[in-house]
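Here the structure is laid out as structure tokens; the discussion comes afterwards.
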Amino acid sequence: MLDLLKSLNIHQYDCDLIDIRIEETNPLQISFYQKELSNYMEEKKLGAFIRVYANKRWYFTTTTELSELEKELHNLLKSANISTNRNEKKDIEYNITNINNLNGDYAYKKSKEEKIVFLNKIRESFENDPLLINPWVGWKDNVLQKYFINNKGTAYSYNKAFSAIAVRYELKQDENIYNAYFNRTVQYFKDFSNFIEEFQKDFAESKLFIDAPTIEPGKYITVLGPQATGIFAHESFGHKSESDFMLGDETMVKEWEIGKKVANECVSIIDCGINDKVSGYCPFDDEGNPAQTTYLIKNGILTGRLHNETTAKALNEDNTSNARAISFEWEPTVRMRNTYFEKGDLTFDELIKPIEKGYFIKTVNHGSGMSTFTIAANKSYKIENGKITDPVKINIATGTVFQTLHDIDAISDKIELFSQVFGGCGKNYQWPLDVSFGGPYIRVKSLNLS
1 MLDLLKSLNI
11 HQYDCDLIDI
21 RIEETNPLQI
31 SFYQKELSNY
41 MEEKKLGAFI
51 RVYANKRWYF
61 TTTTELSELE
71 KELHNLLKSA
81 NISTNRNEKK
91 DIEYNITNIN
101 NLNGDYAYKK
111 SKEEKIVFLN
121 KIRESFENDP
131 LLINPWVGWK
141 DNVLQKYFIN
151 NKGTAYSYNK
161 AFSAIAVRYE
171 LKQDENIYNA
181 YFNRTVQYFK
191 DFSNFIEEFQ
201 KDFAESKLFI
211 DAPTIEPGKY
221 ITVLGPQATG
231 IFAHESFGHK
241 SESDFMLGDE
251 TMVKEWEIGK
261 KVANECVSII
271 DCGINDKVSG
281 YCPFDDEGNP
291 AQTTYLIKNG
301 ILTGRLHNET
311 TAKALNEDNT
321 SNARAISFEW
331 EPTVRMRNTY
341 FEKGDLTFDE
351 LIKPIEKGYF
361 IKTVNHGSGM
371 STFTIAANKS
381 YKIENGKITD
391 PVKINIATGT
401 VFQTLHDIDA
411 ISDKIELFSQ
421 VFGGCGKNYQ
431 WPLDVSFGGP
441 YIRVKSLNLS
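Per the working numbering, the very first residue in the sequence shown carries number 1; after that it's consecutive.
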């Protein structure tokens, strides 16, 4: 594909910027509801996004006919009043990068039949439990191959593939109902080898919450597990760091002034596309910029925000390689990749040891928010005299983002990151974008729980 793109000689057109992005995807999804195969979907897509910048405007189009690339490009150039005649004297040496990550026993390479057999084993491992209602088990593959070229001399290709198994179900005892969700995302099939054992442990734990007491609403010392920490970093802080929200909004720019103290000194938050073990892996963005690690907060100080080329120029800041689109059918906008709290220096036991009375939110259902936030808890426990004790029901944790960042007073020394294959990030109608999130355990000295 890169040879095809190079053969277009786009550098020979007298234009400010031309770039072309080709994407090939091969998503697959299989699911069982109750005991029946309820869904099998496989939809391969191959297409290109073509973009021209001229006269201070963007012109772009998409096509699934790769043989029509030059024709579509010429149509854009004509719309921009740019000559379609090439200047053959203009030559360029391309900086080409090829990254191939799909060697080995990747899970997506298993046959449809093998995947169905494995899902049936999972289903059979819990389908006869008397408390179970509405079980759903699914497998999903996300496979991506991307190619890019621009008239400035950048050309790259990379691929990635992640597979996930998820289980959704309800447990009912008398009038009490508990909704549960368990999933794992991997690259290699061997990493599913202990899935059933891990799920059965989680299933047994879920039974503890059917008739668990609901806490009294109030402000409490709260420890957030890596899943809750990741939701907070992504939903409540990461989206506000996407700088296109700030264009034309002086109040927002002032509120998010670089160099401002916005958190306790122990807090650092990172957005990174370099880690190829998680689904937010993005070695190049969709404007051809190589991935980097961006500190949004460093030791409590606001040190950065996320940019594409347009926002970086508008705010006179460095580009952070965060131009991303969900597919070739969309233009790139400012989006996160892998967003998480940096680890601290305490073990989990050291983190909870000083707490006489508090709560531990282990897993969550979802979260949302910008200036204020809401985290819907799933599995939660009491903390009493420095120990995790009884399960409890916490419906939501709420607060203001900046106050909570200041109220974080301790962070654990280990990080867990979560990939998203079932679902993803949504913004401006572009959903789902593959991102990842997570982090360490964090202790918040006061959080609203109900």
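Using N, Cα and C, we set each Cβ at its ideal position, and we do this for glycine too.
Secondary structure note for R168: its beta strand (DSSP E) is the uninterrupted segment 154-173.
Taking the CA atoms as reference points, Q292 sits about 42 Å from D390. Three or more pairs of CB atoms, one per stretch, sit closer than 8 Å, so the region 139-147 contacts the region 10-27. Shown here, G358 sits in a strand according to DSSP, grouped into three states. For V267, there is no enclosing beta strand (DSSP E), since its DSSP letter is neither H nor E.
Between A166 and N179, the C-beta spacing is not below 8 Å. Leaving aside the five residues that flank G426 on each side, the residues in its chain whose CB is nearer than 7 Å to its CB run, in chain order, P432. Under the 8 Å Cβ criterion, the region 379-395 does not count as touching the region 233-248, having fewer than three qualifying pairs.
Straight through space, the alpha carbons of L296 and L8 are spaced by roughly 39 Å. The bridge partners DSSP lists for G367 are I375. Its chain contains T62 as the residues whose beta carbon lies nearer than 6 Å to that of E329, once the 5 sequence neighbours on both sides are disregarded; these appear in chain order.
Distance between D318 and G153, taken at the CA atoms: about 20 Å. Inclusion of G47 and F148 in the CB contact set at 8 Å is not warranted, their separation being larger than that value. In this structure E342 is not in contact with P226, their Cβ atoms being roughly 13 Å apart against a cut-off of 8 Å. Under the DSSP assignment, G230 falls in the alpha helix (DSSP H) whose first and last residues are 226-231.
Cβ-Cβ distances below 6 Å link S321 to D285, N289, A291, Q292 in the same chain, with the five nearest sequence neighbours on each side left out; the list follows chain order. Per the coordinates, the alpha-carbon of Y429 lies some 12 Å from the alpha-carbon of S327. Put simply, the backbone Cα of K6 is about 22 Å away from that of C282. Residue state for T320 is assigned as coil, using DSSP reduced to three classes. Taking 8 Å as the cut-off, the Cβ atoms of F195 and K110 do not count as close.
Sorting N275, A204, D174 by C-alpha distance to the C-alpha of S125 places A204 at the top.
Shown here for E265: same chain residues with a beta carbon closer than 6 Å to its own, the five before and five after excluded, namely N299, G300 in chain order. Distance check between K207 and each of N176, E309, K219 places N176 closest, using alpha-carbon atoms only. Counting only runs of 4 or more residues that sit fully inside the region 192-249, the alpha helix (DSSP H) segments are 195-206, 226-231, in chain order.
Around the CB of V52, 16 or more other CB atoms lie within 10 Å, so the residue is classed as buried. In the three-state DSSP reduction, I394 falls in the coil class, being neither helix nor strand. Within the DSSP bridge table, the entry for V444 names T222, I408 as partners. Looking only at G230, S67, N55, the smallest Cα-Cα distance to T363 is reached by G230.
Nearest neighbour of A325 by Cα position, chosen from E93, Q200, D434, turns out to be D434. In this structure, K78 is the residue among E65, K44, K78 with its C-alpha nearest to the C-alpha of Y59. By the criterion of a C-beta distance shorter than 6 Å, L224 is surrounded in its chain by I361, I442, once the five residues flanking it on both sides are discounted. Between K260 and N150, the alpha-carbon positions lie close to 37 Å from each other. Rounded to the nearest whole angstrom, the C-alpha separation of F209 and Q173 is 11 Å. I221 has its alpha-carbon roughly 6 Å from the corresponding atom of V444.
Boundaries of the beta strand (DSSP E) around K146: 132-150. When beta bridges are read from the DSSP output, M41 appears opposite Q29.
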